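If you read the sequences in order, they're chains A and B. Each residue of the first sequence is one higher than the one before, counting from 1 in my numbering. Each residue of the second sequence is one higher than the one before, counting from 1001 in my numbering. Note that beta-carbon positions come from the ideal geometry of N, C-alpha and C, so glycine has one too. Here the structure is a predicted model, which means the values were calculated and not measured. Reviewing the structure listed below.
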Amino acid sequence: MSLVERVLRQPIAWGVALAVILILAVSTLAIVPETKQAVIVRLGQPVAIVNGYKPSQDFGRTGAGLIARLPFVDRIVWVDKRVLDFDMQRQEVLSTDQLRLVVDAFARFRVVDPLRMVLTAGSERRVTEALQPILGSALRNELGKRPFATLLSPERGQVMDNIQKGLNRVAAQYGVEIVDVRIKRADLPAGTPLESAYQRMRTARQQEALTIRAQGLKQAQLIRADADAEASRIYSESFNKDPDFYDFYRAMQSYRHTFGIDGTTAEGSATIILSPSNDYLREFRGGK
Amino acid sequence: MESRTVQYPGDASGTVSNAEGGGPWGGGGSGGDDDGGLGPRNPWSQPPRKRPSLRKPGQAPAALDELLRRGRSRLGGRMPNGLESRALFGWALLAIVAIWIAFTSIWRIDPQERGVVTQLGRYSRILTPGMRVTLPAPFESVTKVVVEQTNTVDIGSTSADSQNLMLTGDQNIVDLAYSVRWKIRDPELYLFELADPEDTIREVAESAMREEVGRVSLNDAIGSQRGEIADRVQARMQELLNSYRAGVQVLGIAIKQADPPAAVNDAFKEVSAAQQTAETYINQARAYSQQLGAKASGEAQAFDKVYEQYRLAPEVTRRRMYYETMEDVLSKVDKTIVEAPGVTPYLALPEVRRRAAPAEEAQP
């Protein structure tokens, strides 16, 4: 309570003292978060890097934390430590087989040398601005050397690697490492190329439809032929036991059918003129 | 508090209200005149004193005046009860500090959350669900991250007016809509590694999907291989995100729509119509086949049965069948028997037909 009393007795003096301490503390101490790298610039001369990027370093073992600096002399330039990205503007690319493609790409990068980055570019945004056109031209060059179909094949990975390598050479000048370059989209531009692709798809489908119909007919024919063959086999297997009897049996069936006895055909009428020598009328004549 | 109350009315209004019927402000003024003269001069009590003629004595309530005076003495800080107020000040400070500590060092972490603790900026540890205590604010800070919740990123849409076109391996175009389900696996990586994790996930998904679709044919993409494509995209995404150390787990890809573009849809419908037609042809042939098979086996079996009997007595059966058939046949038709040999019979065929016609008419 005595401290409080003393403070209250001379509030202005204590207030000033507190303010001075606070200002000193703020300008001396700085908290470096995990997501930032700090370049300490002493009177315009970079002297140290705090929490610089090291590959696959575990969080908690990095240089992040409380740091002290000379007040009013040291200036801290913050540089992002995270993986950053930039998109490339959509652009048309012409492949070796004269096909146009609209390509969207993005690159991910990380500042690995904050000092160089600060000296050459100043800020992450400027690095992006510098790299963007280079990504565009690298992409155009690389894709211009290849046929269209390459982009739709496993070779695409190879293309991306080449672009990344090319871009990395430039990026290294800015203390930046390209983590990954990827083509997001590779589309046919609207208008004639897209329309002709559609046309090709349409005709391919029409052809497919015709083929399917023809195949269906063919299969149907085969099934019918099989059925005929099978029926024939069944008949012959059975009838071949006694061809002579079959002949007789079938003749009887045929007569019945022809003269409309079995009820299936009753069309027309018939008149039979028999000679007495007919076998049927054999007994008609009263024996031999 | 006190200063505000006194500042309000100003001298003019206070005077007017006093003249009109003795409001509380006027009363305050009169009290100030009576007792304020002894204490330190207060500028606020002066206006009424300047014009004492307007004041009507006996109308002033004393309570407010008392309050004012007490307030004045507190401001001056030379009274014995100032010490009491200092204690109050101390307690208030203590309370503020206590609240500060309570709010910034006690954390409730919900079951689906994890708390990432940074100690003066440096990553320190992960808080698991429950009530957790950390150092107060400037020293440790906690960022809560929801890890158990499944997040969904939709790419493309299933509605008719928007298309998400992709090139397939056979240079056709497919309209694809899919969603990516993901969750945070390592909260600290998620927080510290990527500048924009959600955007990264979206871009990686799009890139991986296009890469995979570029490897399959259109028919595979819209048909049989959708499941495999989804699996491969998931694996590819996980691989890429791991290479970024994103701390994200891809739970699955759901291909919601994989259709040919609207512009060529009619041609695709034609294909399915052709498939239907072909199916019809085949079905008809199968029906014919069944019919014929049944007929053949029926006839063959009938023959077999008759033949079995025939074999037992061939001659008799044969004659019997012959006569039965002839009987049936001849009983139904007109018969003409020409008996005399050597006579060439005259047979008028039209006559025969005429005879047959009425007979037939009579029959039904």
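N- and C-terminal bounds of the alpha helix (DSSP H) containing residue i
i               : result
S238 (chain A)  : T192 to F239
R125 (chain A)  : E124 to G144
Q1238 (chain B) : R1226 to S1243
E1203 (chain B) : P1197 to V1213
S1141 (chain B) : S1141 (chain B) -> not in any alpha helix (DSSP H); beta strand (DSSP E) instead, spanning E1140 to V1146.
K165 (chain A)  : E155 to Q173
S294 (chain A)  : Because chain A is modelled from 1 through 288, residue 294 (chain A) falls outside the range shown and cannot be assessed.
Separation of residue j from residue i, as counted between CA atoms
i               : j               : result
T1317 (chain B) : S1331 (chain B) : 21 Å
I1229 (chain B) : Y1288 (chain B) : 42 Å
L8 (chain A)    : G15 (chain A)   : 10 Å
I1222 (chain B) : A1258 (chain B) : 5 Å
I178 (chain A)  : N168 (chain A)  : 6 Å
I163 (chain A)  : A138 (chain A)  : 6 Å
E1211 (chain B) : V1271 (chain B) : 27 Å
G1031 (chain B) : W1091 (chain B) : Unreliable placement is indicated for G1031 (chain B), whose pLDDT of 39 sits below 50; no coordinate value is reported for it.
I1253 (chain B) : R233 (chain A)  : 56 Å
P154 (chain A)  : V1216 (chain B) : 11 Å
R1125 (chain B) : V111 (chain A)  : 25 Å
V170 (chain A)  : Y1123 (chain B) : 33 Å
T258 (chain A)  : G216 (chain A)  : 38 Å
M117 (chain A)  : K36 (chain A)   : 13 Å
V73 (chain A)   : T120 (chain A)  : 22 Å
I40 (chain A)   : I12 (chain A)   : 35 Å
R185 (chain A)  : R1185 (chain B) : 28 Å
V1264 (chain B) : A1294 (chain B) : 46 Å
Amino acids of chain B, ordered along the chain, whose beta-carbon sits closer than 7 Å to that of residue i
i              : result
Q206 (chain A) : A1267 and E1270
T156 (chain A) : First, the amino acid is wrong: residue 156 (chain A) is Arg here, not Thr. Within chain B, the residues near R156 (chain A) are E1211 and G1214.
Y280 (chain A) : M1326
R42 (chain A)  : Correct list: empty, because the minimum Cβ distance to chain B is about 21 Å.
E5 (chain A)   : R1086
D161 (chain A) : The premise fails here: D161 (chain A) is roughly 13 Å from chain B at the closest Cβ pair, so nothing lies under 7 Å.
L143 (chain A) : Ordered by position in chain B, no residue passes the 7 Å Cβ test against L143 (chain A), which lies about 14 Å from the chain.
Closer than 9 Å at the beta carbon, the chain B residues around residue i
i              : result
L84 (chain A)  : L1194, A1195 and D1196
R256 (chain A) : T1325, D1328 and V1329
Beta-carbon neighbours of residue i, restricted to chain A and to distances below 8 Å
i               : result
G1293 (chain B) : A227, E230, A231 and I234
S1159 (chain B) : Here the premise fails: no neighbours, minimum Cβ distance about 19 Å.
M1237 (chain B) : Within chain A, no residue comes near M1237 (chain B); the closest Cβ sits about 11 Å away, beyond 8 Å.
E1206 (chain B) : K184 and R185
Extent of the continuous beta strand (DSSP E) run through residue i
i               : result
M1166 (chain B) : L1165 to L1167
V1264 (chain B) : Segment: none, V1264 (chain B) is in no beta strand (DSSP E) and carries neither H nor E.
L1127 (chain B) : R1122 to L1127
M252 (chain A)  : Looking at the DSSP string, M252 (chain A) is not in any beta strand (DSSP E); the run it does join, the alpha helix (DSSP H), is P243 to T258.
T1317 (chain B) : Careful: T1317 (chain B) lies outside any beta strand (DSSP E), inside the alpha helix (DSSP H) at P1314 to K1332.
G15 (chain A)   : Segment P11 to T28 is the alpha helix (DSSP H) holding G15 (chain A); no beta strand (DSSP E) there.
R100 (chain A)  : R100 to V111
Cβ distance (whole Å) where residue i is taken to contact residue j below 8 Å
i               : j               : result
R1181 (chain B) : L1251 (chain B) : 4 Å
V32 (chain A)   : G60 (chain A)   : Not really, about 13 Å apart at Cβ, beyond 8 Å.
A1137 (chain B) : T1104 (chain B) : 4 Å
A1274 (chain B) : R213 (chain A)  : 5 Å
V1146 (chain B) : L1218 (chain B) : At roughly 39 Å, the Cβ-Cβ gap does not stay under 8 Å, so V1146 (chain B) and L1218 (chain B) are not in contact.
R69 (chain A)   : A30 (chain A)   : 6 Å
R256 (chain A)  : T1325 (chain B) : 6 Å
G52 (chain A)   : G44 (chain A)   : That pair is no contact at about 20 Å.
L84 (chain A)   : E124 (chain A)  : 6 Å
E142 (chain A)  : V127 (chain A)  : That pair is no contact at about 21 Å.
A1246 (chain B) : T1200 (chain B) : 6 Å
Residues that residue i contacts on chain A, provided the C-beta gap is smaller than 7 Å
i               : result
A1278 (chain B) : I212, R213, Q215 and G216
Q1275 (chain B) : I212
S1297 (chain B) : I234
Q1284 (chain B) : A220
L1165 (chain B) : D187
Contact list for residue i against chain B, beta-carbon separation under 8 Å
i              : result
A197 (chain A) : Q1171, N1172 and I1173
G260 (chain A) : K1332
I223 (chain A) : I1282, A1285, R1286, Y1288 and S1289
Proximal chain A residues relative to residue i, where beta-carbon distance stays under 9 Å
i               : result
P1136 (chain B) : Neighbours of P1136 (chain B) on chain A: none; closest Cβ ~15 Å, over 9 Å.
Q. If you measure beta-carbon to beta-carbon, which residues of the stretch 235-250 of chain A are closer than 8 Å to chain B?
A. Y235, E237, S238, F239, K241, D242, F245, Y246, F248 and Y249
Q: Please list the residues of the stretch 1167-1187 of chain B that have a C-beta atom closer than 9 Å to any C-beta atom in chain A, keeping them in chain order.
A: L1167, T1168, G1169, D1170, Q1171, N1172 and I1173
Q: Mind checking the stretch 88-116 of chain A against chain B and listing, in chain order, the residues whose C-beta falls within less than 8 Å of any C-beta there?
A: F106 and R108
Q: Residues of the stretch 22-35 of chain A with a CB closer than 7 Å to any CB of chain B: list them in chain order, please.
A: For the stretch 22-35 of chain A, the set of residues with a beta-carbon nearer than 7 Å to any beta-carbon of chain B comprises I31, V32, P33, E34 and T35, in chain order.
(Q) Output needed in chain order: residues of the stretch 169-190 of chain A with a Cβ under 8 Å from some Cβ in chain B. (A) V179, D180, R182, I183, K184, R185, A186, D187 and L188
Q: Scan the stretch 48-75 of chain A for residues whose Cβ lies nearer than 8 Å to a Cβ of chain B and list them as they occur along the chain.
A: S56, F59, G60, T62, A64, G65 and L66
Q. For the stretch 1103-1132 of chain B, which residues have a CB atom closer than 8 Å to at least one CB atom of chain A, in sequence order?
A. T1118, Q1119, L1120, G1121, R1122, Y1123, S1124 and R1125
Q.
For the stretch 1217-1233 of chain B, list every residue whose C-beta sits within 7 Å of some C-beta in chain A, in sequence order.
A. none
Q) Relative to chain A, which residues along the stretch 1299-1310 of chain B have a C-beta separation below 8 Å, given in chain order? A) Residues E1299, A1300, Q1301, F1303, D1304, V1306, Y1307 and Y1310.
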